[in-house]
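Some notes on the structure that comes next.
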Amino acid sequence: MPPGTLVYTGERTRDDKVTLSVFDYDANHLNEIPFDSVDACLSRCETPTVTWINVEGLHDVGVIERIGKGYGIHPLALEDVLTTQERPKIEDYDDRIFLVVQMLSWDDGSQSIATEQVSFVLGPHFLITFQEPAGDVFDPVRKRLREGRGRMRRLGPDYLLYALLDSIVDSYFTILERLDDRIESLETELTDIPGPTTVHAIHSLRREMILLRRNVWPLREVLGGLDRGDSTLVQAETRLFLRDVRDHSIQVIETVETFRDLLTGMLDIYLSTLNYRMNAVMKVLTIIATIFIPLSFVTGIYGMNFEHMPELHWRWGYPAALAGMFGVGGVMLWVFHRRDWL
Amino acid sequence: MPPGTLVYTGERTRDDKVTLSVFDYDANHLNEIPFDSVDACLSRCETPTVTWINVEGLHDVGVIERIGKGYGIHPLALEDVLTTQERPKIEDYDDRIFLVVQMLSWDDGSQSIATEQVSFVLGPHFLITFQEPAGDVFDPVRKRLREGRGRMRRLGPDYLLYALLDSIVDSYFTILERLDDRIESLETELTDIPGPTTVHAIHSLRREMILLRRNVWPLREVLGGLDRGDSTLVQAETRLFLRDVRDHSIQVIETVETFRDLLTGMLDIYLSTLNYRMNAVMKVLTIIATIFIPLSFVTGIYGMNFEHMPELHWRWGYPAALAGMFGVGGVMLWVFHRRDWL
Amino acid sequence: MPPGTLVYTGERTRDDKVTLSVFDYDANHLNEIPFDSVDACLSRCETPTVTWINVEGLHDVGVIERIGKGYGIHPLALEDVLTTQERPKIEDYDDRIFLVVQMLSWDDGSQSIATEQVSFVLGPHFLITFQEPAGDVFDPVRKRLREGRGRMRRLGPDYLLYALLDSIVDSYFTILERLDDRIESLETELTDIPGPTTVHAIHSLRREMILLRRNVWPLREVLGGLDRGDSTLVQAETRLFLRDVRDHSIQVIETVETFRDLLTGMLDIYLSTLNYRMNAVMKVLTIIATIFIPLSFVTGIYGMNFEHMPELHWRWGYPAALAGMFGVGGVMLWVFHRRDWL
Amino acid sequence: MPPGTLVYTGERTRDDKVTLSVFDYDANHLNEIPFDSVDACLSRCETPTVTWINVEGLHDVGVIERIGKGYGIHPLALEDVLTTQERPKIEDYDDRIFLVVQMLSWDDGSQSIATEQVSFVLGPHFLITFQEPAGDVFDPVRKRLREGRGRMRRLGPDYLLYALLDSIVDSYFTILERLDDRIESLETELTDIPGPTTVHAIHSLRREMILLRRNVWPLREVLGGLDRGDSTLVQAETRLFLRDVRDHSIQVIETVETFRDLLTGMLDIYLSTLNYRMNAVMKVLTIIATIFIPLSFVTGIYGMNFEHMPELHWRWGYPAALAGMFGVGGVMLWVFHRRDWL
Amino acid sequence: MPPGTLVYTGERTRDDKVTLSVFDYDANHLNEIPFDSVDACLSRCETPTVTWINVEGLHDVGVIERIGKGYGIHPLALEDVLTTQERPKIEDYDDRIFLVVQMLSWDDGSQSIATEQVSFVLGPHFLITFQEPAGDVFDPVRKRLREGRGRMRRLGPDYLLYALLDSIVDSYFTILERLDDRIESLETELTDIPGPTTVHAIHSLRREMILLRRNVWPLREVLGGLDRGDSTLVQAETRLFLRDVRDHSIQVIETVETFRDLLTGMLDIYLSTLNYRMNAVMKVLTIIATIFIPLSFVTGIYGMNFEHMPELHWRWGYPAALAGMFGVGGVMLWVFHRRDWL
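Protein chains in written order, with our numbering: chain A, 1 to 342; chain B, 343 to 684; chain C, 685 to 1026; chain D, 1027 to 1368; chain E, 1369 to 1710.
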């Protein structure tokens, strides 16, 4: 297919309707309008105030295309909007800044991380967000918009972008906590009764770590690009805040690296524990065998049926044989003791 | 041999004819001409419109040389065209940009990646591609050229170059999917009945990973060089698209790195599984031996043929011996149980 | 919560009072005033002399907020002050430089490193430090201020900042010494009687190393940023000193890396020691079993009750059998000896 | 010794004579003169044409010194000429460029890489090469000079330098092929009957890899320095060619890295193969022991000589005992089968 | 303690006297004066010629302080002079360049590397060196000064600094040779009879490697800083020489890295050798046990005392039993042979 062809690559969910919700605000007023049709939205959204258009549901390519045309979004950006599982990235089309970011959530069912792609288009007076219907991560931002306190309503769409990115990065920390819990429970498992399931759990956790890492490393660059870029769409005041989110993303990265280190260390512990146990088991076997095999040999000798075996007829032959055998056994135990095998 | 000496280093295929096909187009017209002789091609290809010359088959050095002379290609570039297995690279000869890229395909027979080298020469009005006869990867591009929709026909040879590179990088994703399938099937094998074949499969997969990596890492630089370079042969509009392919190549790289990580982890799992099984086997052996070897020793004692063994003549000697032995065995089982060996 | 919302994330300690202590000095005078209320402090601290305000206890958000307003500290900085466990960082707000640093101390109880966050706000005539009530690390600095010798009183708040940072980094070396002791005692343990506890000790030490590393790596950048930054708040004379602390922080990093290397090597030693012991144990078992099992087989043969076994009736049958068995045993010992198994 | 003191550090070969051979050429003429004495050479070599002086044999320090003086070579450069085993390097002394490079060859006897140092001094009209008597790697270059085809004779000494460097780097590929063969034969060995010799072979191969790497990594920088440097001694036309050799050196580096990866992987395979075999061996032992040790215990019981053992006198005692034993054995085999041990 | 407080942190040696020796020279004259008191030295050392003051012994803080004051050395530099075990560093105080370097020597007693700190202060007409009394590494430099040949006397104190640094770096190569010897002897040990001592030797060697690395890595930067710095204290002519020492330090680094690689490889060999031996031992055990345990079971059967065992009364029962047992044993051997276990 030619580049710029719009195809939705995500899973098609049942509810077929794409919903558009618009927040139109300045420091004093806030208009919150849900839309059914794109055209209605396009015709009414050209205001000098800040406009945030949130598009939930990406399966209707026609809707996305019309929004793209209405707001002058580059076809390549639209393609990326629809290609879920895109790597986080930033693209500066002069008068539009386009961002792709992955929203992460912990799926309790599969004990793994689920990803939802969110795309942002920042223009002079508006911010458009595209997402699959899922997240309530943006709800606190909506609430703050409605309440109208703080900087939120006073500043432009770049600050809104920051606020949304901030809430996404904040949600990463929740996932880190979950992973931390899993690691800790694995560590206690390791000291108790580690088995093959422990290793598989470590392996699948490492998998999640890799996934997380792939999403957060480029995110740092994206946030850095937004802060350092020379676009006039991002105000100096907002850059300070962007730097703060970027610091948070670095903290996420460092925690992930720490977790990876810990997991590697845990595998080492598992292997050395196995080895140590094998050692212990082998020692027991060896001690038992080394003591009794020679003694059994002696009993075998006196169990032979030769006609002429003088010892058998001695008066104290049996007690002597017993004494000899126990003596040898005792000496062996003493040797093992001295070699620290007991 | 002196540098610039042209020698074909690939395998000589049976069909000896080098085929040239030319697309000559602008926004309104498209001429598609297959050529038999190089001279005919050279004499008729000097048009102000965009000319795409595709050379299929590299074994006829003379043909390559004449094309090189006709289009002012640097001898070193021609040498690279013929040296298959060249590292992906870009070379900017002022009024010609030369690129070498590897086309990858999955060979089901040997379960490995096969490479085909493709070279590009981009000039002011033309693009020449050299390839060994194999790929139908370019067919979609040809189809789009014939249909004449989109940007394709409107823009210059640099956009055509982009479109071809894009279709090559897209084909990498197909290979990644194949590798992903292999990795997943290996993972289920690991949890079931891993054997030496599993390890060899992991090893050969790592080999393919290394091959893939060696081709994609430099490709990223090549695409980056094309985008950032200051050549006038690449239009600003095309650069945006080149950045997009480059992002895709980075995605390929990251997936490959992820796969490598997973394969390393799988080896660890394999080793620890082996260790664990050995542990289990050794425990069984130890338990059996530890219980029965001492008991056998007791039977050995009463199997001795000493004349004077009072126990043998006791009325309850035999039942007492049996009871004693079973008692010892039971105690041992209990000890093993307490030490968590059962 | 919106960014800039002030929430204290640390543990709430029992003593509820936030204490403010102020040092106001120049080369000739020193005023040391403890404050109860923030307002009193704010109204009396606007002097042309150097003012160091130390805020001990962070749980009273209102106090922090009023200080922030009184001294023009950016809300994001205030948020970081309260978010303990923040990554060390530096932020340059033109006329204020904000720093977060972690103070480390060795907790003998849990045998691990405890962290306390310290934040600094450097202004034209003042330095504000925020810390949780714990450290007496700053006491030597206070003493030097009171004594008034050296550069301390002559130079501005930037030198005071340096002196405090220096005392923090110096305290890191104490921790390194503790870790060094632990590593050495583990090494002697390794050559003596390594067991699973050794591995767990190595693992938990690695954990501390990771924690230390996460705090010192960014600290280096922070100190470098302070030195290289072009803020007028830091005098040229102080920069020389800052470079010196930075060198110390690099030394800490290198020591940590060395420790990590050593710990990895210790794990290798542990594993190979286990393997070697297993080898030794197995050899003993094999030698015993290989010698006595065949001999026992021979005794078994002559213990059979067949009617017609001519050997049993031979005059020298028994001595011959004994001699044969000891002969075979001797030969085996000799073979083992030649194969270096004894 | 003071720096610049000339001492030959290589092995002294038997033939004591240092031989000088001179090629003096321009596009139309070629003079090939062998020299016996340095002075004769010095007096006759000041021509406006390109002069290539090849010095074979470095043990006569006096000769080297006189050449150095005659051609204005810096004492430090002369010192490096004589210090064989020098790291590849480039030094730009304004009107002289000095290069040290290692020529590598595969020594079939010791199955390892042998190195020969070659030094180059590039001046405005001349190129001096110093080498120990060994290589015929330069012969093809000499042949091309004599034949006078191509660019060779038309361009200056910088192109000659390029041609010589190119032939050296080309010879690296021969070594890579040898190493590749060794690796492949080791891989088949691994799947067949790996033993300790395999590991030692892998280890010694890694050693060669390290050696190769130490020589090729700096070579890349050297070639890059020659290309990017702003010396007027290197013409723009030659720089294109130098970039080509540099690409080749990168290809060598990447192949070496690939080999290292493969060798590491092979060690892993070896270890896991050993582990797997041990597992198989242990299983056999355990099955045999687990089946027969309990059965032997039963035979031991009925081999005891108690007077009162009723079973011994039963009519069907013997068959019943046999049947019981075979039954137990059969059940055990069935259990092993179900646990996938057979 | 405040920064700049002078405390000697090294070991206090018995000889309490700090000795000062002065070389005062230009191209024509050389004055060599040993001093007892600092004041005498200070008063007589202000000459326009080059003055090299060597301070041996650092335990007398007063002496160091007076020298520091006399020659305008920054207090931080003086502090570093006294803090032995300082990381190699360079500090440019405009009209003074301060360097710290570690002198290394091999201590045969403890089979480890001993370090001695040397500090340099380079001023316009003088060089001051501070060292603990130990090294005769500088003696060759003194000899060359006295002989007055070469550049030494003609050039300034920067060249003297170079000569001293060069002799220090040269001494590193001696240590590398020692380490090389140790590694080689360990390698032969590995192929012969590796034991736990081999592993400990490898570990302690790695330790030395880490120490060496920590001293040489920063040294490279120090030498690079000296060469690239824009201080007028270092002449252009000397910079060429400094580049040469820097190349040597890089060579040291690369050798150390190679050694580390080799040592890691040796550990792998050790582990796989252990594993292989265990395999061999286990095979012997398994073969013996697998052959004889079933046979012993047969003898056990015919050793039972049942009344009604028809086989016992057969004429050829005994030979048949023997033949059967040897037959089974033979078949087993043949099976083992086919499975490549013998």
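Think of the CB as a built atom: it goes at the ideal place given N, C-alpha and C, for glycine as much as any other residue.
Computed from a predicted structure; not experimentally measured.
**Study point:** Same chain, Cβ closer than 7 angstroms to G571 (chain B), neighbours up to 5 away in sequence not counted
**Key:** Only residues of its own chain outside the window of five on either side were considered, and among them D434 have a CB closer than 7 angstroms to the CB of G571 (chain B), listed in chain order.
Check your understanding: Closer than 8 angstroms, CB to CB, is G72 (chain A) near chain C or not?
Key -> Not closer than 8 angstroms to any Cβ of chain C, the Cβ of G72 (chain A) fails to qualify, so no.
Review point. Sorted by chain position, which residues of the same chain lie with C-beta nearer than 6 angstroms to D1629 (chain E)'s C-beta, five sequence neighbours on each side aside?
Key: There are no such residues.
Check your understanding: Taking the DSSP output, what are the residues bridged to F1403 (chain E)?
Key -> Per DSSP, the beta bridge partners of F1403 (chain E) are E:L1388.
Review point. In three-state DSSP terms, what is D80 (chain A)?
Key: D80 (chain A) falls in the helix class under three-state DSSP.
Review point. In terms of residue numbering, what span does the alpha helix (DSSP H) encompassing D261 (chain A) cover?
Key: Note, D261 (chain A): alpha helix (DSSP H), 236 to 302.
Practice item. Report yes if the CB atom of L1558 (chain E) is closer than 8 angstroms to the CB atom of M1634 (chain E), and no otherwise. Key: Yes. Within cutoff.
**Study point:** Same chain, Cβ closer than 6 angstroms to S447 (chain B), five either side skipped, listed in chain order
**Key:** Annotation for S447 (chain B): A456 place their beta carbon closer than 6 angstroms to its own, counting only its chain and skipping 5 residues before and after.
**Study point:** Among D:V1324, D:Y1344, D:F1332, nearest to F668 (chain B) - alpha-carbon criterion
**Key:** Out of D:V1324, D:Y1344, D:F1332, D:V1324 has the C-alpha closest to the C-alpha of F668 (chain B).
Exercise for review: Using a cut-off of 8 angstroms between C-beta atoms, extract the partners of P1662 (chain E) located in chain D.
Suggested key: Against chain D, the beta carbon of P1662 (chain E) has neighbours under 8 angstroms at I1314, F1318, listed in chain order.
Practice item. Less than 8 angstroms between the CB atoms is what I'm expecting for I774 (chain C) and V906 (chain C), so what's the real figure, rounded? Key: I774 (chain C) to V906 (chain C), Cβ: 5 angstroms. Contact.
Review point. For the candidate residues E:F1609, E:T1451, E:P1687, whose alpha-carbon lies nearest to that of V1486 (chain E)?
Key: Closest in alpha carbon position to V1486 (chain E), among E:F1609, E:T1451, E:P1687, is E:T1451.
Check your understanding: How many whole angstroms separate the CB atoms of D1165 (chain D) and V1260 (chain D), which I take to be in contact at a CB cut-off of 8 angstroms?
Key -> A Cβ-Cβ distance of about 25 angstroms is found for the pair D1165 (chain D) and V1260 (chain D), leaving them out of contact under the 8 angstroms criterion.
Point to revise | Reference Y1540 (chain E); option with closest CA among E:L1642, E:E1433, E:T1623, E:H1681 | key: The closest CA to that of Y1540 (chain E), considering only E:L1642, E:E1433, E:T1623, E:H1681, is found on E:T1623.
Exercise for review: Quick one: using the 10 Å Cβ neighbour count with 16 as the cut-off for buried, is Q1111 (chain D) buried or exposed?
Suggested key: Result: exposed.
Check your understanding: Residues of chain H with CB under 9 angstroms from L1591 (chain E), in chain order?
Key -> Looking for chain H here will not work: the only protein chains present are A, B, C, D and E.
Exercise for review: Check the Cβ-Cβ distances between L714 (chain C) and every residue of chain E, and say whether any is below 8 angstroms.
Suggested key: No, because no Cβ of chain E sits closer than 8 angstroms to the Cβ of L714 (chain C).
Review point. Which of the residues in the segment 1259 to 1284 of chain D, read from start to end, lie with their CB under 8 angstroms from any CB of chain B?
Key: Cβ contacts with chain B: L1266, F1267, R1269, D1270, D1273, I1276, Q1277, E1280, T1284.
Exercise for review: Take T1031 (chain D) and list the residues in its own chain whose beta-carbon comes closer than 6 angstroms to its own, dropping the five residues that flank it on each side.
Suggested key: If you ignore the 5 residues before and after T1031 (chain D), its C-beta comes within less than 6 angstroms of no other C-beta in its own chain.
Exercise for review: Give the DSSP-derived three-state secondary structure of F472 (chain B) in the structure shown.
Suggested key: Three-state DSSP puts F472 (chain B) in a strand.
Check your understanding: In the segment 1662 to 1688 of chain E, which residues sit with their C-beta less than 7 angstroms from some C-beta in chain D, listed in chain order?
Key -> Hits within the stretch, in order: P1662, S1664, F1665, G1668, I1669, G1671, M1672, N1673, F1674, E1675, H1676, M1677.
**Study point:** N-terminal and C-terminal residue of the alpha helix (DSSP H) that I337 (chain B) is part of
**Key:** The structure shown has nothing for residue 337 (chain B), since chain B only spans 343 to 684.
**Study point:** Opening and closing residue of the alpha helix (DSSP H) in which I1030 (chain C) lies
**Key:** For chain C, the structure presents residues 685 to 1026; residue 1030 (chain C) sits outside this window and is missing.
Check your understanding: Just checking, does the segment 658 to 668 of chain B make contact with the segment 312 to 330 of chain A on the three C-beta pairs under 8 angstroms criterion?
Key -> Segments in contact, no.
Exercise for review: Could you tell me which chain A residues have their CB closer than 8 angstroms to the CB of L845 (chain C), listed as they occur along the chain?
Suggested key: By Cβ distance, chain A contributes nothing, its closest Cβ being about 21 angstroms from L845 (chain C), past 8 angstroms.
Check your understanding: Since Y93 (chain A) is in the beta strand (DSSP E), which residue starts that stretch and which ends it?
Key -> Where Y93 (chain A) is concerned, the enclosing beta strand (DSSP E) stretches over 89 to 93.
Check your understanding: Under 8 angstroms between the Cβ atoms of I415 (chain B) and V397 (chain B)?
Key -> The answer is no: Cβ separation not under 8 angstroms.
Review point. At a Cβ cut of 8 angstroms, what residues of the segment 863 to 893 of chain C count as close to chain A, listed as they run along the chain?
Key: Listed by position, the residues of the segment 863 to 893 of chain C near chain A (Cβ gap below 8 angstroms) are I877, G879, P880, V883, H884, H887, R890, R891.
Review point. So what does DSSP say about W656 (chain B), is it helix, strand or coil?
Key: Of the three classes helix, strand and coil, the one that applies to W656 (chain B) here is coil, per DSSP.
Review point. Is I371 (chain B) buried or exposed, if buried means 16 or more other CB atoms sit within 10 Å of its CB?
Key: According to the sequence provided, residue 371 (chain B) is His. The question's Ile does not apply to it. In the assembly as shown, H371 (chain B) is an exposed residue. Its beta-carbon has fewer than 16 other beta-carbons within 10 Å.
**Study point:** Closer than 8 angstroms at the beta carbon, the chain B residues around M278 (chain A)
**Key:** Near M278 (chain A) (Cβ distances below 8 angstroms), the residues of chain B are N617, M620, N621, M624.
Exercise for review: Between the Cα of R904 (chain C) and those of C:R866, C:K753, C:D928, spot the shortest distance and give me the residue it belongs to.
Suggested key: Looking at the Cα atoms, C:D928 is the closest of the given residues.
Exercise for review: Specify, as a first and last residue, the run of the alpha helix (DSSP H) that V1076 (chain D) falls within.
Suggested key: Looking at the DSSP string, V1076 (chain D) is not in any alpha helix (DSSP H); the run it does join, the beta strand (DSSP E), is 1076 to 1082.
Review point. Is D1475 (chain E) helix, strand or coil by DSSP?
Key: If DSSP states are grouped into helix, strand and coil, D1475 (chain E) belongs with the strands.
Practice item. Using 10 angstroms around the beta-carbon of E871 (chain C), count the other beta-carbons present and answer buried if the total reaches 16, otherwise exposed. Key: By the neighbour-count rule (16 or more Cβ atoms within 10 Å), E871 (chain C) is buried.
Exercise for review: May I have the straight-line CA-CA distance separating A578 (chain B) from P1456 (chain E), to the nearest angstrom?
Suggested key: Using only the alpha carbons, I get a separation of about 50 angstroms.
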